[in-house]
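Each position in the sequence shown, counted from 1, maps to that position plus 11 in our numbering.
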Amino acid sequence: MAEAKKSKILYLADLHLFYSISSPDSENDPYEFKRARELNQKYGSGSCLYDFVFDLHNTTSNMGSTLLLCSKDDVVSMHLANYLQVSIIKEQNVMFKQFSLRRLDMNLLDDISQKNIYNDFDCLSNSGNQSMPCYNFLIDIPKKDNIYLQNIGKHSFCIELGPQPQGVTRADVLSRMRQLVNCGLDFIELLNQGKEFPSFETDIYRVLSRVDYPRDSFGEISAFIHNGLQDKDYVPLKPGDPIFTTINGEDLFYDGEKVVYPTFINEAAYYEKKVAFVLTDKVSWEVPALKLETPADHPGTPK
């Protein structure tokens, strides 16, 4: 790979910008289109192309910590995602060890104190703390067709954290985002120093299709997300499982032929896009080893 150097990193927060470079400018273009072209011109073209782009998002869906990748062939981004996942697993193990030590003195505690400790344990579980684990969410589109903001960098991914209501700042989500970004910077620093990252196998949630809400003859939404599906992002959805409930109380069921994994369930920003949830399949992917060449690898080469 190319010789290691100081990386140029760009952070962009929750812009949700899409653009078409080939389409001509127009005075009637929405603000988002104009802003996207400005960003592409400033950061995404010529010699100023950034080495890595962190695109920071929040979602109203129960997506936990989702790492959205645009290409499974971006080996650097795949390794960075794996580094984040491994780091979080290590942190989780430390938390459980601390909990186990606290349990040693359980017999000495009264009922109220024991209940408080078990409540702390629940907060460490996946159902109580959606920061664990990190999920790999793959769109996988050719770079020439990539209209997402991440396309302005050589390598990139989007961090989606949720659930968080729109227009609200939550300290736990903000802290989680800071932790993930700092951990990502640690990875890039190690990569620039010449550290070799071994090959690995990982699970990827790959986009299959987008499902709209049921609609009446006027195009208005006629059903909402079923209670059994709400907040069940990344939970297997089997044929025959309920997915919608109509205004009249009738349940509608998933009529697919195989188990899938719904994501972005009831995302507020997707109502206007006519998306109730996004279906994915879960696939295993092998990622090759990664190492940047450094001056130390070639002692006779001038720095």
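Ideal Cβ positions, reconstructed from N, Cα and C, are used throughout, including at glycine. Note that the coordinates shown come from a computational prediction; the quantities given were computed from them, not determined experimentally.
Just confirm the distance between the C-beta atoms of Y265 and T291, as a whole number of angstroms; I'd bet it's less than 8 angstroms.
Here residue 265 is taken as the residue at index 254 of the sequence shown, counted from 1. Here residue 291 is taken as the residue at index 280 of the sequence shown, counted from 1. Not really, about 14 angstroms apart at Cβ, beyond 8 angstroms.
Could you tell me which uninterrupted beta strand (DSSP E) segments, each at least 3 residues in length, are contained entirely in the region 49-78, listed from first to last along the chain?
If we require 3 residues or more, the beta strand (DSSP E) runs fully inside the region 49-78 come out as 61-69.
If contacts are defined as beta-carbon pairs under 8 angstroms, then F255 and L263 qualify, I think. What distance do you get, rounded to the angstrom?
For the purposes of this step, residue 255 is taken as the residue at position 244 of the sequence shown. For the purposes of this step, residue 263 is taken as the residue at position 252 of the sequence shown. The pair is a contact, with the Cβ atoms about 4 angstroms apart (cut-off 8 angstroms).
Taking all protein chains shown into account, do 16 or more other C-beta atoms lie within 10 angstroms of the C-beta of N147, making it buried, or fewer, making it exposed?
What you label residue 147 is simply residue 136 of the sequence shown in a count that begins at 1. Burial call: buried.
Can you give me the C-alpha to C-alpha distance between P225 and T71, rounded to a whole angstrom?
Taking the first residue of the sequence shown as position 1, residue 225 is located at position 214. Taking the first residue of the sequence shown as position 1, residue 71 is located at position 60. About 21 angstroms.
So, for Q175: in the same chain, excluding its five sequence neighbours on each side, which residues have a beta-carbon less than 8 angstroms away from its beta-carbon?
Residue numbering aside, residue 175 sits at position 164 when the sequence shown is read from its first letter. Excluding positions up to five away in sequence, the list reads N69, T70, T71, R181 and V184.
Can you say whether V294 is buried or exposed, counting buried as having 16 or more other CB atoms within 10 angstroms of its CB?
Here residue 294 refers to the residue found at position 283 of the sequence shown. Classification of V294: exposed, given that the 10 Å Cβ count is below 16.
Please identify the residue among V97, M74 and I236 whose C-alpha is closest to the C-alpha of T274.
Within the sequence shown, the letter at position 263 stands for residue 274. For the residues V97, M74 and I236, the minimum Cα distance to T274 belongs to M74.
Using alpha carbons as the reference points, say which of V286, Y94, C81 and G251 lies closest to G164.
Stepping through the sequence shown from its first residue, residue 164 is reached at position 153. Closest option to G164, Cα to Cα, is C81.
Less than 7 angstroms between the C-beta atoms of K83 and L149, yes or no?
Residue 83 sits at position 72 when you count from the first residue of the sequence shown. Residue 149 sits at position 138 when you count from the first residue of the sequence shown. Yes, the pair counts as a contact, with Cβ atoms nearer than the cut-off.
Please check the pair R48 and D151, which I expect to be a contact at CB under 8 angstroms, by giving their CB distance rounded to whole angstroms.
Taking the sequence shown and counting its residues from 1, one reaches residue 48 at position 37. Taking the sequence shown and counting its residues from 1, one reaches residue 151 at position 140. Their Cβ separation, rounded to whole angstroms, is 25 angstroms, which puts R48 and D151 out of contact at 8 angstroms.
Would C145 and S233 qualify as a contact pair, given that the criterion is a beta-carbon distance under 7 angstroms?
Taking the sequence shown and counting its residues from 1, one reaches residue 145 at position 134. Taking the sequence shown and counting its residues from 1, one reaches residue 233 at position 222. Contact: no.
Measure how close the beta-carbons of A287 and D223 come, nearest whole angstrom, since I'm counting them as under 8 angstroms.
The sequence position of residue 287 within the sequence shown is 276, counting from 1. The sequence position of residue 223 within the sequence shown is 212, counting from 1. A287 to D223, Cβ: 6 angstroms. Contact.
Going by C-alpha distance, which of E200, E207, V86 and I236 is nearest H166?
Residue numbering aside, residue 166 sits at position 155 when the sequence shown is read from its first letter. The residue with the shortest Cα to Cα distance from H166 is V86.
For E231, count neighbouring Cβ atoms within 10 angstroms of its own Cβ and tell me buried if that reaches 16, exposed if not.
The sequence position of residue 231 within the sequence shown is 220, counting from 1. E231 should be labelled exposed.
For N130, collect the residues of the same chain with a Cβ closer than 6 angstroms to its Cβ; drop the 5 residues on either side in sequence, then sort them by chain order.
Walking along the sequence shown from the start, residue 130 turns up at place 119. For N130, the pLDDT reaches just 49, beneath the cut-off of 50, and the residue's location in the model is therefore unreliable, although a value from the coordinates is still provided. Nothing meets the Cβ criterion.
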